[in-house]
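As they're listed, the protein sequences go chains A and B.
Residue 173 in full-length UniProt numbering sits at position 173 of the first sequence; the count goes up by one each step and never skips.
Residue 57 in full-length UniProt numbering sits at position 57 of the second sequence; the count goes up by one each step and never skips.
Right, one structure below, let's go through it.
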Amino acid sequence: MPLLDIKDLSVTFATARGPFRAVDGIDLSVEPGEVLGIVGESGSGKSVTSLAVLGLLADNASVTAGRMQFDGQDLLTLSPKARRRLNGGQVAMIFQEPMSSLNPCFTVGFQIGETLAQHEGLSGKALRHRCIALLEQVGIPAPESRLSAFPHQLSGGMSQRVMIAMAIACNPRLLIADEPTTALDVTIQRQILDLLRDLQRERGMAMILITHDMGVVAESAHRVQVMYAGQVVENRPADSLFTAPRHPYTAALLDALPERAVGRRRLPTIAGTVPGITDRPTGCLFQPRCGLADDRCGTRPPLATDGDGWTRCVRVEGATA
Amino acid sequence: MLKFIATRIALLIPTFLGVTLLAFFLIRLVPGDPIEVRLGERGIDPARLEEMRAQLGLDKPLLEQYADYLAGVLTGDLGRSLITQTPVLDEFAELFPATIELSLCAILFALIIGLPAGVLAAVKRGGPLDHGVMAASLTGYSMPIFWWGLLLILFFSVILGWTPVSGRLSAAYYVEPVTGFLLIDSWMSEEEGAFLDALHHLVLPSIVLGTIPLAVIARMTRSSMLEVLGEDYIRTARAKGLGLFRIVGLHALRNAMIPVATVIGLQVGTLLAGAILTETIFAWPGIGKWLIESINRRDYPALQGGVLLVACVVMLVNLAVDLLYGLLNPRIRHAK
């Protein structure tokens, strides 16, 4: 049984220009101990999906789903109290901007300890020891003295390590990392990714790694889900996705990797941007930017079984709806 | 930090000189000097008038008078009141506790109502509560103090008879002034019921004086809170599974209080200005009432000294708020 099991999830935001469907009927499942990479450009609905899982979306968002379960527990009908027990306990999340994700008015020790106090009722010396141990695990030097540091005294990489310590404090079974390295220096990115992978292996927790960097996913994920404009366009094991991408968008993303573009004069790019609220095409959403588009693309293709995964493209056999 | 304090104190000097200038010349722009005002319409022998003017030094050129005044101020001598002949500083010291007491109660009232109202309005943004708080605070802010005071007196004192109309204490009680703060003095004194009576007298003036700060604090808390509630670290707090009360009351409020603290500091000026009207309406024997009386009597030394001292209090409180800022905001505390 999957740990996280989502069927037909849609998230619609009420905006001044009318409703905007940021996530459009996606399926998502994560097995225990599995690392799922979610890839896509900005605006493809990756973050919104993960925020929906933790119930962290703003009030103007409405979430609907055929099924949305964590470990058999229905997330759609969860009471606020059960939600608080789940968040930070069984499901934890780290965010894109570590510097602004920590509260500037409280010390590192306070912010980590708070999670432990909330979920495990720890206090006093036991709490302090756990905090120090956690900081050690995420590779922060001199953890004891760091407990009394304020976030503005930490670098971006250190802040993200603190965020990770906070997230893993209560041994979550699922860790969602929403572009955890985007805001960091390239050298630090590597360290943070290695840390996340090590922690995931040691603890056997499941992880959703959200990124727009195909390179990041290649090294860490077991399975990859490619999203475009709120839809899943391809989902398959990482190995086969990287060797033989089926969807033109996945292929284009891979072509845009610098290490794959050796010998070419210019790095290939995908012209245009992800369609927003006003310019959604009818038919295939990727069709306006797709190099292979033809007249079959005027109707919207379903997500069809395709070898060891799923693809949403008319070129895939059996996808001609 | 030391350099910061030194700069701030150095900046007080020109402000201080500016206040002496304003206080000195503005009152002299008002027609009629102390002697003419005292004479009323009876008239006087011009020679005698000149003699009396000369006694007070009013016959000298204005600049010379100012120089004399400034020299006095710099040596700590604010002069004597023309009416009572007591040193201005003594009169101020005697009356100021009444104003502080009133102002403290007013700001306390403003904080107790304003902070929660602002927080609730922000949390329930766009709802009826939010609109209610915003409408009420706009009304409160726009309400002239004297009009608001009279309305409250009419309703609570005259019609309902719940509160006294004016003064600090009923005539039935006598409390020996020790600290000048009637609440403290009456608490310490043997007079039974005096404390409650003093408290009773404080209610309406505090509400009247606290209304504008209340409106400002509520609006500022709301906008500051709204900004903070959208911050990433609030999302983090929710991802940690913390309760709403802790998220709003601790994580958000702690950050939202930083700009609100500045505003509260700035309200001290508003409070003392408002105290002038409030004390006059409620016959509250404080600095405000004293200043109004000094204007009416053209009591130049009292007025100049009073304005100067009040200005100093405002400046010092603002300085203190700036320094206290560091306590609220760790990013400033650690900036070397």
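Quick reminder that beta carbons are idealized off the backbone N, C-alpha and C, glycines included.
Using DSSP bridges, identify the partner residues of residue i.
i, result
"TRP310 (chain A)", "A:ASN235 and A:THR305"
"TYR325 (chain B)", "Partner(s): none; TYR325 (chain B) has no beta bridge."
"GLN69 (chain A)", "A:ASP5 and A:ASP74"
"SER240 (chain A)", "None, per the DSSP bridge assignment."
"ARG223 (chain A)", "A:LEU36 and A:PRO237"
"THR211 (chain A)", "A:VAL39"
"ALA92 (chain A)", "A:LEU175"
"LEU28 (chain A)", "A:ILE6"
"VAL23 (chain A)", "A:VAL11"
"ALA237 (chain B)", "Note: ALA237 (chain B) sits in no beta bridge, so no partner."
"VAL63 (chain A)", "A:VAL11"
Taking the beta carbon of residue i as the centre, do at least 16 other beta carbons fall within 10 Å, making it buried, or is it exposed?
i, result
"PHE150 (chain A)", "buried"
"ALA183 (chain A)", "buried"
"ALA321 (chain A)", "Annotation note: pLDDT 41 at ALA321 (chain A) (below 50); position unreliable, no value reported."
"LEU108 (chain B)", "exposed"
"PHE92 (chain B)", "buried"
"ARG146 (chain A)", "buried"
"LEU2 (chain B)", "exposed"
"MET1 (chain A)", "exposed"
"LYS125 (chain A)", "exposed"
"GLN55 (chain B)", "exposed"
"ALA283 (chain B)", "exposed"
"TYR174 (chain B)", "exposed"
"THR179 (chain B)", "exposed"
"VAL310 (chain B)", "buried"
"ALA71 (chain B)", "exposed"
"HIS119 (chain A)", "buried"
"HIS131 (chain B)", "exposed"
"PRO14 (chain B)", "exposed"
"ALA320 (chain B)", "exposed"
"TRP310 (chain A)", "buried"
Counting only C-beta atoms, is residue i closer than 8 Å to chain B at any point?
i, result
"ASN171 (chain A)", "no"
"LEU36 (chain A)", "no"
"PRO19 (chain A)", "no"
"MET158 (chain A)", "no"
"ARG84 (chain A)", "yes"
"ASP54 (chain A)", "Here the sequence assigns Leu to residue 54 (chain A), which means Asp is not the residue at that position. At least one chain B Cβ lies under 8 Å of LEU54 (chain A)."
"ALA238 (chain A)", "no"
"GLN118 (chain A)", "yes"
"THR115 (chain A)", "yes"
"VAL166 (chain A)", "The residue asked about is misnamed: residue 166 (chain A) is Met in this sequence, not Val. Closer than 8 Å: yes."
"LEU199 (chain A)", "no"
"MET68 (chain A)", "no"
"GLU41 (chain A)", "no"
"ASN103 (chain A)", "yes"
Do we get a CB-CB distance below 8 Å when we pair residue i with the residues of chain A?
i, result
"ALA122 (chain B)", "no"
"HIS131 (chain B)", "no"
"LEU226 (chain B)", "no"
"LYS336 (chain B)", "Because LYS336 (chain B) sits at a pLDDT of 45, beneath the cut-off of 50, its placement in the model cannot be relied upon, and the following sentence gives the value as read from the coordinates. Judged by the 8 Å Cβ criterion, LYS336 (chain B) is not in contact with chain A."
"ASP232 (chain B)", "yes"
"LEU204 (chain B)", "no"
"PRO330 (chain B)", "yes"
"LYS60 (chain B)", "no"
"ASN255 (chain B)", "yes"
"LEU323 (chain B)", "no"
"LEU199 (chain B)", "no"
"GLY241 (chain B)", "yes"
"ARG222 (chain B)", "no"
I'd like to know whether the C-beta atoms of residue i and residue j end up nearer to each other than 8 Å.
i, j, result
"residue 324 (chain A)", "VAL11 (chain A)", "Missing from the structure shown is residue 324 (chain A); chain A here goes from 1 to 321 and no further."
"LEU116 (chain A)", "CYS170 (chain A)", "yes"
"GLY43 (chain A)", "GLY276 (chain A)", "yes"
"GLU50 (chain B)", "LEU182 (chain B)", "no"
"ARG238 (chain B)", "LEU28 (chain A)", "no"
"TRP148 (chain B)", "VAL203 (chain B)", "no"
"LEU195 (chain A)", "ALA165 (chain A)", "no"
"ALA22 (chain A)", "ASN60 (chain A)", "no"
"VAL216 (chain B)", "VAL263 (chain B)", "yes"
"MET99 (chain A)", "GLY156 (chain A)", "yes"
Does residue i have its Cβ less than 8 Å from a Cβ in chain E?
i, result
"TYR69 (chain B)", "Although the question refers to chain E, the structure presented lacks it and instead comprises the protein chains A and B."
**Request:** Kindly provide the ranges of any beta strand (DSSP E) runs that are 3 or more residues long and lie completely inside the region 252 to 311 of chain B, ordered along the chain.
**Result:** none
**Complete alpha helix (DSSP H) runs within the region 247 to 282 of chain A (minimum length 4 residues, chain order)** = 248 to 255
**Message:** My parser needs the alpha helix (DSSP H) runs of 4 or more residues fully inside the region 59 to 109 of chain B; what are they?
**Reply:** 62 to 74
**Item:** Contiguous beta strand (DSSP E) assignments of at least 3 residues, all confined to the region 10 to 48 of chain B
**Value:** none
**Item:** Every unbroken alpha helix (DSSP H) within the region 104 to 179 of chain B, with a cutoff of 4 residues, ordered by chain
**Value:** 128 to 142 and 145 to 152
**Item:** Unbroken stretches of the beta strand (DSSP E), 3 residues or longer, contained in the region 84 to 162 of chain A
**Value:** 91 to 94
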